[in-house]
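> Residue 76 is where the sequence shown starts when you use my numbering, and the numbers rise one by one after that.
Just so you know, even glycine gets a beta-carbon here, dropped at the ideal spot from N, CA and C.
Here the structure is a predicted model, which means the values were calculated and not measured.
Mind looking over this structure? Questions follow.
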Amino acid sequence: MKTLIATTFLAAAALFTVPAASAAGYDGDLEKANIDVTNEASLQRGANLFMNYCMACHSTEYMRYNRVGRDIGLTEQQVEENFIFITDEAGDPVGVGSLMTNAMSEDYGEEAFGVVPPDLTMTTRINGEDWVYTFLKSFYIDESRPLGANNEVFSNVGMPHVLWELQGWQEKVVDEDGNERLELVRSGQMTPSEYDRAVRDIVTYLSYMGEPMQLDRQRIGLYVLIFLGIFTILAYFLKKEYWKDVH
């Protein structure tokens with residue numbers, strides 16, 4: 076029992092201390108993600124972008140395809156057609172009730188990127204939504220890196236700029252005051268505002284993945300507040316009735 080309590084305490088401590096450690100290497104200001112996890116359209120766009128650009132390397136193995144589809148307003152057929160790209164041992168697409176893993180082995184991931192790409196189910200819970208949002212907007216050209224790109228938020232990251240087709244390429248430039256900033260030098264398929272929305276959609280989806288119950292929690296919370304309001308009124312009038320003859 077003591078071991079269980081100690082383990083639980085350490086896990087909770089790690090959960091609350093990891094975000095500060097993750098962002099500790101970045102001294103700049105984080106951009107506000109301003110996401111809305113109740114925006115179903117944003118969740119669907121984010122899921123589509125994540126599946127097409129991120130899922131090949133990063134799994135979200137603590138969630139199932141059908142649960143995600145149900146929560147963000149998609150049918151199982153839509154999930155099967157648009158989200159499931161891996162096959163089972165027989166070569167058939169995995170079932171819609173399967174966990175959301177990918178086909179990349181840990182050995183291949185470490186050989187290709189120098190580190191095994193992490194599972195991203197809890198990434199917004201660990202690093203924060205603003206950190207992830209800023210990170211995805213902060214890749215720039217760096218020919219000294221093995222994959223030709225670096226990141227302003229996460230220096231020497233082993234991840235390539237997988238969204239370069241959408242954003243284009245940025246370079247580090249120094250202004251007249253000697254301050255460094257990132258400047259878009261090669262346009263992508265999206266305008267800067269369109270890319271900002273795309274990144275916001277991805278972060279919205281990842282925020283939902285990190286805490287799926289938040290969709291229900293917010294809805295249930297509204298009902299609880301309504302109940303407490305009505306109960307408070309009834310309790311007030313009941314109190315007046317009990318104490319009306321007391322002087």
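At 4 residues or longer, what runs of the alpha helix (DSSP H) sit wholly inside the segment 155 to 197?
Within the segment 155 to 197, the complete alpha helix (DSSP H) runs of at least 4 residues are 181 to 188.
> Hey, out of Ala131, Gln119, Trp244, Asp182, whose CA is closest to Leu281's CA?
Position 206 of the sequence shown, counted from the start, is the residue given in the question as residue 281. If we check each option's Cα against that of Leu281, Gln119 comes out closest.
> So Val260 packs on Gln245, CB below 8 angstroms; how close in whole Å?
Position 185 of the sequence shown holds residue 260. Position 170 of the sequence shown holds residue 245. At roughly 7 angstroms, the Cβ-Cβ gap stays under 8 angstroms, so Val260 and Gln245 are in contact.
> Between the alpha carbons of Cys129 and Asp104, how many angstroms are there, rounded?
As a position in the sequence shown, residue 129 is number 54, starting the count at 1. As a position in the sequence shown, residue 104 is number 29, starting the count at 1. Approximately 25 angstroms, taken between the alpha carbons.
> Report the partner residues of Thr135 according to the DSSP bridge assignment.
Position 60 of the sequence shown, counted from the start, is the residue given in the question as residue 135. Per DSSP, Met175.
> Which residues bound the beta strand (DSSP E) around Ala224?
Working through the sequence shown from its first residue, we reach residue 224 at position 149. Where Ala224 is concerned, the enclosing beta strand (DSSP E) stretches over 224 to 226.
> Quick one: what does DSSP say Gly121 is sitting in, helix, strand or coil?
Numbered from its first residue, the sequence shown carries residue 121 at position 46. Note: Gly121 maps to helix in three-state DSSP.
> Between the segment 151 to 169 and the segment 126 to 141, do at least 3 Cβ pairs fall closer than 8 angstroms?
Yes: the two stretches touch, three or more of their Cβ pairs being nearer than 8 angstroms.
> Would you mind reading off the limits of the beta strand (DSSP E) that contains Ile216?
Numbered from its first residue, the sequence shown carries residue 216 at position 141. Here the beta strand (DSSP E) through Ile216 covers 214 to 216.
> Assuming Gly121 and Thr196 make a contact with CB atoms under 8 angstroms, what is their CB distance in whole Å?
On the sequence shown, position 46 is the one that residue 121 refers to. On the sequence shown, position 121 is the one that residue 196 refers to. With 8 angstroms as the limit, Gly121 and Thr196 do not qualify as a contact, their Cβ atoms being about 14 angstroms apart.
> On the DSSP bridge list, what partners appear for Leu257?
Position 182 of the sequence shown, counted from the first residue, corresponds to residue 257. Leu257 pairs with Lys247.
> Among residues of its own chain, excluding the 5 on either side of Leu222, which ones have a beta-carbon nearer than 6 angstroms to its beta-carbon?
One-based indexing of the sequence shown puts residue 222 at position 147. Once the five neighbours on either side are set aside, the close Cβ partners of Leu222 are Pro235.
> From the DSSP secondary-structure annotation, give me the bridge partner or partners of Ser262.
If you number the sequence shown from 1, residue 262 lands on position 187. Gly243.
> Taking a contact to mean a Cβ-Cβ separation below 8 angstroms, would you say His133 touches Asp205 in this structure?
Here residue 133 refers to the residue found at position 58 of the sequence shown. Here residue 205 refers to the residue found at position 130 of the sequence shown. Result no, Cβ atoms of His133 and Asp205 do not sit closer than 8 angstroms.
> Looking at Val169: is its Cβ nearer than 8 angstroms to the Cβ of Val154?
Here the question's residue 169 lines up with position 94 in the sequence shown. Here the question's residue 154 lines up with position 79 in the sequence shown. In this structure, Val154 does not lie closer than 8 angstroms to Val169 by Cβ.
> Mapping DSSP to helix, strand and coil, what is Met126?
Residue 126 sits at position 51 when you count from the first residue of the sequence shown. In the structure shown, Met126 sits in a helix (DSSP, three-state: H, G or I).
> How is the alpha helix (DSSP H) around Asn392 delimited, first residue to last?
This structure cannot speak to residue 392, because the chain is shown only from 76 to 322.
> So, at 6 angstroms on beta carbons, what are the nonlocal neighbours of Val228 in its own chain, with the 5 sequence-adjacent residues on each side left out?
Position 153 of the sequence shown, counted from the start, is the residue given in the question as residue 228. The answer, listed in chain order, is Tyr101, Thr209, Phe210, Ser213.
> Would you identify the three-state DSSP class for Phe306, choosing helix, strand or coil?
As a position in the sequence shown, residue 306 is number 231, starting the count at 1. Residue state, collapsed to three classes: helix.
> Along the alpha helix (DSSP H) that carries Glu204, what are the first and last residues, could you check?
Within the sequence shown, residue 204 is the residue found at index 129, counting from 1. It spans 204 to 211 - the alpha helix (DSSP H) in which Glu204 sits, taken as one unbroken run.
> Kindly list the residues whose CB is nearer than 6 angstroms to the CB of Gly57, restricted to its own chain and excluding five residues on each side of it in sequence; keep chain order.
With the chain represented from 76 up to 322, any question about residue 57 goes unanswered, as that position is not in the structure.
> Between Thr279 and Asn114, is the Cβ-Cβ spacing less than 8 angstroms?
Counted from its first residue, the sequence shown places residue 279 at position 204. Counted from its first residue, the sequence shown places residue 114 at position 39. Yes, these two residues count as a Cβ contact at 8 angstroms.
> Rounded to a whole number of angstroms, what is the C-alpha to C-alpha distance between Ser180 and Ile110?
One-based indexing of the sequence shown puts residue 180 at position 105. One-based indexing of the sequence shown puts residue 110 at position 35. Cα to Cα, the separation comes out at about 32 angstroms.
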